[in-house]
Amino acid sequence: MDGDPEKQSAAVEKSAVPDTGLESSPAMTSGEKSRDANNEISGSGSRSGSGSGSTVSNNDDSTNLKKLDSTVGVPPPKEADLDAALAHLPEQERAILKEQLDIPDVKVKYITLFRYATKADLLVLFVAAFGAIAGGAILPLFTIIFGAMAGSFKSIVLHTITIDEFNSQVSNFALYFVYLGIGMFVLIYIGTVGFIYVGEQISQKIREKYLAAILRQNVAFFDKLGAGEITTRITADTNLIQDGISEKVGLTMTALATFITAFIIGFVKFWKLTLICSSTVVALTVLMGSASRFIIGFSKKSLQSYGEGGTVAEEVLSSIRNATAFGTQEKLARQYNIHLLEARKWGTKLQVVIGSMVGGMLAIVFLNYGLGFWMGSRFLVNGEANLQDIVTILLAIIIGSFSLGNVTPHVQAFTSAISAGAKIFSTIDRVSPIDPTSDEGMKIENVEGVVEFRNIKHIYPSRPEVVVMEDVSLLVPAGKTTALVGPSGSGKSTVVGLMERFYNPVSGAVFLDGHDLKTLNTRWLRQQISLVSQEPTLFGTTIYMNIKQGLIGSNFEQESEEKIRERIENAARMANAHDFILGLPEGYETNVGERGFLLSGGQKQRIAIARAVVSDPKILLLDEATSALDTKSEGVVQAALDAAAVGRTTIVIAHRLSTIKNAHNIVVIVGGRIVEQGTHDELVDHDGAYLRLVEAQRINEKREAIGLEEDEEDEEDELMKSKEYTLNRQASGPSQNVAPGTYRGTGADDEELKLTTTNKSISSLALSKRTPETHQKYGLFTLIRFILSFNKPEALLMFSGFLVSIICGGGQPTMAVFYAKAIATLSLPEQLYDKLRSDASFWSLMFLMLAFVTLLSYSVQGSIFAVCSERLIHRARLEAFRAMLRQDIVFFDHEDNSTGALTSFLSTETKHLSGVSGVTLGTILLVSTTLAAACIVALVIGWKLALVCITTIPILLGCGYYRFYILSVFQTRSQKAYQKSASYACEATSAIRTVASLTRESDVGFELPQPISYPS
1066 MDGDPEKQSA
1076 AVEKSAVPDT
1086 GLESSPAMTS
1096 GEKSRDANNE
1106 ISGSGSRSGS
1116 GSGSTVSNND
1126 DSTNLKKLDS
1136 TVGVPPPKEA
1146 DLDAALAHLP
1156 EQERAILKEQ
1166 LDIPDVKVKY
1176 ITLFRYATKA
1186 DLLVLFVAAF
1196 GAIAGGAILP
1206 LFTIIFGAMA
1216 GSFKSIVLHT
1226 ITIDEFNSQV
1236 SNFALYFVYL
1246 GIGMFVLIYI
1256 GTVGFIYVGE
1266 QISQKIREKY
1276 LAAILRQNVA
1286 FFDKLGAGEI
1296 TTRITADTNL
1306 IQDGISEKVG
1316 LTMTALATFI
1326 TAFIIGFVKF
1336 WKLTLICSST
1346 VVALTVLMGS
1356 ASRFIIGFSK
1366 KSLQSYGEGG
1376 TVAEEVLSSI
1386 RNATAFGTQE
1396 KLARQYNIHL
1406 LEARKWGTKL
1416 QVVIGSMVGG
1426 MLAIVFLNYG
1436 LGFWMGSRFL
1446 VNGEANLQDI
1456 VTILLAIIIG
1466 SFSLGNVTPH
1476 VQAFTSAISA
1486 GAKIFSTIDR
1496 VSPIDPTSDE
1506 GMKIENVEGV
1516 VEFRNIKHIY
1526 PSRPEVVVME
1536 DVSLLVPAGK
1546 TTALVGPSGS
1556 GKSTVVGLME
1566 RFYNPVSGAV
1576 FLDGHDLKTL
1586 NTRWLRQQIS
1596 LVSQEPTLFG
1606 TTIYMNIKQG
1616 LIGSNFEQES
1626 EEKIRERIEN
1636 AARMANAHDF
1646 ILGLPEGYET
1656 NVGERGFLLS
1666 GGQKQRIAIA
1676 RAVVSDPKIL
1686 LLDEATSALD
1696 TKSEGVVQAA
1706 LDAAAVGRTT
1716 IVIAHRLSTI
1726 KNAHNIVVIV
1736 GGRIVEQGTH
1746 DELVDHDGAY
1756 LRLVEAQRIN
1766 EKREAIGLEE
1776 DEEDEEDELM
1786 KSKEYTLNRQ
1796 ASGPSQNVAP
1806 GTYRGTGADD
1816 EELKLTTTNK
1826 SISSLALSKR
1836 TPETHQKYGL
1846 FTLIRFILSF
1856 NKPEALLMFS
1866 GFLVSIICGG
1876 GQPTMAVFYA
1886 KAIATLSLPE
1896 QLYDKLRSDA
1906 SFWSLMFLML
1916 AFVTLLSYSV
1926 QGSIFAVCSE
1936 RLIHRARLEA
1946 FRAMLRQDIV
1956 FFDHEDNSTG
1966 ALTSFLSTET
1976 KHLSGVSGVT
1986 LGTILLVSTT
1996 LAAACIVALV
2006 IGWKLALVCI
2016 TTIPILLGCG
2026 YYRFYILSVF
2036 QTRSQKAYQK
2046 SASYACEATS
2056 AIRTVASLTR
2066 ESDVGFELPQ
2076 PISYPS
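Going left to right, the sequence shown walks through residues 1066 to 2081 as the numbering used here numbers them.
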């Protein structure tokens, strides 16, 4: 962004170019602005002042915040919109722009999700699949034993066997049940654990591949994809993939094996009745296939809306100081809410379809019972089948059908995984037109540093309607300093983007020592160039490591650690940073915090200069490197820049014209064209655009001087208050030593900057002195009551859902009663066959009615809880976001509250609340009703046997609770690891220009596996 004098001069040149207030790219989207290395949203014009750095320049930052307000949250253009926007351009220019934005439409099949499985993973998958299938095939064998046992009971009733023979047979049957149970436990355990392990391994590889793919993309790609959306992809979406390829796969295989084995048993026993009942398979397949189409479609749209909302949240949280300073929290929250409302709409439709599908599947199963008993009675009367065969077939079909029904909850996981995979793999498979990780391209042996722009025409891909540069030709001699000046929006910073190959021009070419940049290796090219931006980005590590990152790819990278440290300290001295660094509590090992928030603007800028010169680059780009500083800070930093520019090819984008008077060549750019160039004296004598810029700056400086005089007394009061606050905080602590976050400079230069450094350190001092918060432990019911408060407006609807859940829960016990009555009907003697046919028809009709009630009740329950759960998630996300915006700045300085971590929290943790008012809560109510009703029915029919069977319920509940506990522990550990990876990825992608300029793509990708390693 250009400085104040340039904005003043923009009025003079208004006929030539409108003042956009944001020079560096009039074509920038909101996402690009937030991710620019200049960090324009988060304080491009910020002046270090009181209040933890929250006092900012009213001129530049107010403009930026207005732009943020008006553009943040606007979704990226759809493919059709992009084609329409490019239609007015010539075919060649259209192809160049589209190439920089296009994302391939990847058709993902379920098997595609396993593309990164290694041979070892495939072996584990094979063993796990065998265990899951074998375990599932065992369950229907119970029907054979049950049928044989039923025959023994019939024989003892008819007195065809003795009591001893009966006891012996029943004892054997009981042992068979035990053996089968042990076999199922071992096999299904192997299957479940195997799939969980492989799912974790593959999802981790997908995260690594996705981040690596993101980092190799051209910068224009990030104009459509924000850092918040990337965070959502690397956390929420990869979690969806993991959920869809882990234990649910094993459970589905088990269920399908049970289903197939059950029907095989049925066909062996009596093929006619089994074939008739096989119509269930056709009906279930059609139902699931139809529903899956809607589920995938709604899931994709919901994920897209959440991803766009994540980008908005990341932009706002990364510029929280400005949002706080200008009091725009509520307005930004409303913009975030737009995407939440869209996601809520699609999420509600998704849950309604799932609820209706579950009801439809159970209804089909109940209809199958009715059909089986009705046809079975006919075959029994005709003498084609006996009671034992019919009972075995019906029991096998019941088990098989219910097993197929158990696949239903997993269908959503599989379809969601496919939807998430389509978005992630489209990025992984995208071939970047400017790939910094590629080995292609030439490397010049001896670089002189002659830069030439020939007939450049440039259009930003994200705003094809604006021509930023038109027929620009410029020669930058080697070892000389060339300064670019002009009004805001004239295209000066575009020179940096083209020189670093962030973008490709639509026509013309940029040359280095006579070689077209397109023919050079991109990574090598960027290693010859160092960039110092207006608001430089530092990474959340030590000062030493931040400066060392400037050595990546240089000849000095492989030197001994001792020589590297010496080189780093020399670079810091050149940047006037060595003295203040030594004055910090931990010197060069001081952690600067996320994006360097714990340092003042001047300190960050000098560290960035040290990082830029440590590798002794051939070309130095200075993009308004002092415009974000106050006058005192600017003097110190400018001295460092002047020293760094000596002997190098230097391109300076000027903020204050007084800083470039000694440049060898000054180029004036207006409206994307060069209007004049020459030395300072030549241009002043020419009496043209440059002179008007100089005069405009003089007027502006006078106005600033008047404003400073008026505010001087208030500023001194603020200074005294901040000093008093600091002293009080230090006196209240256990030690009088400087707090770890209190970064004060030493030496003459930094003594002049006490206002900047002292006030900037207040948040870090408060953070270091803050008493550690102890999180209160809340009981389960307290937490549930708190969460349900978000659903207070839907209280009546929730109550209705509870009542419908009771009806749904009564379906299974009712079915058990109908089943017993139907079996009793089929047990009638031959002389009562007329009554048998009549009663069989009646109970078949009862199953028909039960199927209708089940379909209706499950559909209503699903719809009710869909509305309640989506509204709960919506309100929880919005309130959590608002709560974050209400926090003081100290909150965001804490390492656990980085932008990536908070964005990850919004995208993943709030989603988990859906179970309180959604499908999970409905299932709990349904199961509770089923269990209670089943116990009552059993006690009424035969209390002795019922009491024996009821004793197994606590064991089952204990096993379920233990499983829940294990999964909770695993999820907690995973969440902590994944939040770190999300924060890491967010930091890297939100500073993508800095990462690209430093050629840190491989470095970032190498460091990622550590934070997302398998939780232990």
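A virtual CB, placed ideally from N, CA and C, is assigned to each residue, including glycine. Predicted, not measured: the structure shown is a model, and the values here were computed from it.
Original post:
Alpha carbon to alpha carbon, how far is residue 1022 from residue 1958?
Top reply: One cannot answer for residue 1022 here, as it falls past the ends of the chain, which runs 1066 to 2081.
Original post:
Looking only at DSSP bridge pairs, what is residue 1752 linked to?
Top reply: Answer by DSSP bridge pairing: none, since residue 1752 is not bridged.
Original post:
Looking at the structure shown, is residue 1580 part of a helix, part of a strand, or coil, going by DSSP?
Top reply: strand
**OP:** For the beta strand (DSSP E) holding residue 1288, just list the boundary residues, first then last.
**Re:** Segment: none, residue 1288 is in no beta strand (DSSP E) and carries neither H nor E.
**OP:** Would you mind reading off the limits of the beta strand (DSSP E) that contains residue 1727?
**Re:** Premise fails: residue 1727 is in no beta strand (DSSP E) and is neither H nor E.
Original post:
Near residue 1432, what residues of its chain come up, given a Cβ to Cβ distance below 6 Å and the 5 sequence neighbours on each side ignored?
Top reply: 1916
Subject >> residue 2064, buried or exposed, once every other Cβ within 10 Å from all chains shown has been counted against 16 >> reply: By the neighbour-count criterion, in which 16 or more other beta carbons inside 10 Å mark a residue as buried, residue 2064 falls on the buried side.
Original post:
Is residue 1944 buried or exposed, if buried means 16 or more other CB atoms sit within 10 Å of its CB?
Top reply: exposed
Subject >> Other residues of its chain near residue 1742: CB distance less than 7 Å, five sequence neighbours each side excluded >> reply: 1730, 1731, 1732 and 1733
Original post:
Beta carbon of residue 1493, beta carbon of residue 1193: below 8 Å?
Top reply: no
Original post:
With respect to the beta strand (DSSP E) encompassing residue 1548, which residues constitute its N-terminal and C-terminal limits?
Top reply: 1546-1550
**OP:** State buried or exposed for residue 2084, treating a residue as buried only when at least 16 other CB atoms are found within 10 Å of its CB.
**Re:** Coverage of the chain is limited to positions 1066 through 2081, which leaves residue 2084 absent and any answer about it impossible.
Original post:
Tell me the DSSP bridge mates of residue 1743?
Top reply: 1731
Subject >> For residue 1879 and residue 1935, the rounded distance between their alpha carbons >> reply: 32 Å
Original post:
Alpha carbon to alpha carbon, how far is residue 1720 from residue 1705?
Top reply: 16 Å
**OP:** Please go through the same chain and pick out, in chain order, the residues whose beta-carbon is closer than 8 Å to the beta-carbon of residue 1875, but skip the five residues on each side of it.
**Re:** So the qualifying residues of the chain are 1994, 1995 and 1998.
**OP:** Check the DSSP bridge columns for residue 1519 and list the partner residues they point to.
**Re:** 1574
Original post:
Which residues in the same chain have their Cβ closer than 8 Å to the Cβ of residue 1610, if we skip the five residues on either side of it in sequence?
Top reply: 1604
**OP:** Run the CB neighbour count on residue 1364, radius 10 Å, all protein chains shown included, and call it buried at 16 or more, exposed below.
**Re:** Per the 10 Å Cβ criterion, buried.
Original post:
residue 1534 lies in the beta strand (DSSP E); which residues open and close that run?
Top reply: Residue range 1532-1541 is occupied by the beta strand (DSSP E) that includes residue 1534.
Original post:
CA-CA distance, residue 1212 and residue 1852?
Top reply: 49 Å
Original post:
Quick one, are the C-beta atoms of residue 1554 and residue 1534 less than 8 Å apart?
Top reply: no
Original post:
Which partner residues does residue 1936 have in the DSSP bridge list?
Top reply: DSSP output for residue 1936 lists no bridge partner at all.
Subject >> Meets three-Cβ-pair contact criterion under 8 Å: the segment 1329-1340 and the segment 1500-1515 >> reply: Here the segment 1329-1340 does not lie against the segment 1500-1515, with fewer than 3 beta-carbon pairs under 8 Å apart.
Original post:
For residue 1685, which beta-bridge partners are listed by DSSP?
Top reply: 1595 and 1715
**OP:** Indicate the three-state DSSP secondary structure (helix, strand or coil) for residue 2066 in the structure shown.
**Re:** helix
Original post:
Is the segment 1223-1231 in contact with the segment 1167-1184, if contact means three or more CB pairs nearer than 8 Å?
Top reply: When C-beta atoms of the segment 1223-1231 are compared with those of the segment 1167-1184, fewer than three pairs fall below 8 Å, so the two segments do not count as touching.
**OP:** Return helix, strand or coil for residue 1607, following the three-state DSSP convention.
**Re:** In this structure, residue 1607 counts as strand in the three-state DSSP scheme.
Subject >> Proximal residues to residue 1867 (C-beta, below 7 Å), its chain only, five neighbours per side dropped >> reply: Taking C-beta separations shorter than 7 Å and ignoring five residues to either side along the sequence, the partners of residue 1867 in its chain run 1990, following chain order.
Original post:
Can we say the segment 1338-1350 touches the segment 1508-1520, given the rule of at least three CB pairs closer than 8 Å?
Top reply: no
Original post:
Alpha carbon to alpha carbon, what distance is there between residue 1927 and residue 1921?
Top reply: So the alpha carbons of these two residues sit roughly 10 Å apart.
Subject >> Local conformation of residue 1812 per DSSP, three classes >> reply: Model confidence at residue 1812 stands at a pLDDT of 42, short of 50, so the residue's coordinates are unreliable; what they give is reported in the following sentence. Residue 1812 falls in the helix class under three-state DSSP.
**OP:** Using the Cα positions of residue 1865 and residue 2004, report the straight-line distance between them to the nearest angstrom.
**Re:** 29 Å
Original post:
DSSP on residue 1180, reduced to helix/strand/coil?
Top reply: coil
Original post:
Expressed to the nearest angstrom, what Euclidean distance is found between the alpha-carbon atoms of residue 1539 and residue 1728?
Top reply: Rounded to the nearest angstrom, the two C-alpha atoms are 15 Å apart.
**OP:** Express the C-alpha separation of residue 1870 and residue 1882 in angstroms, rounding to a whole number.
**Re:** 19 Å
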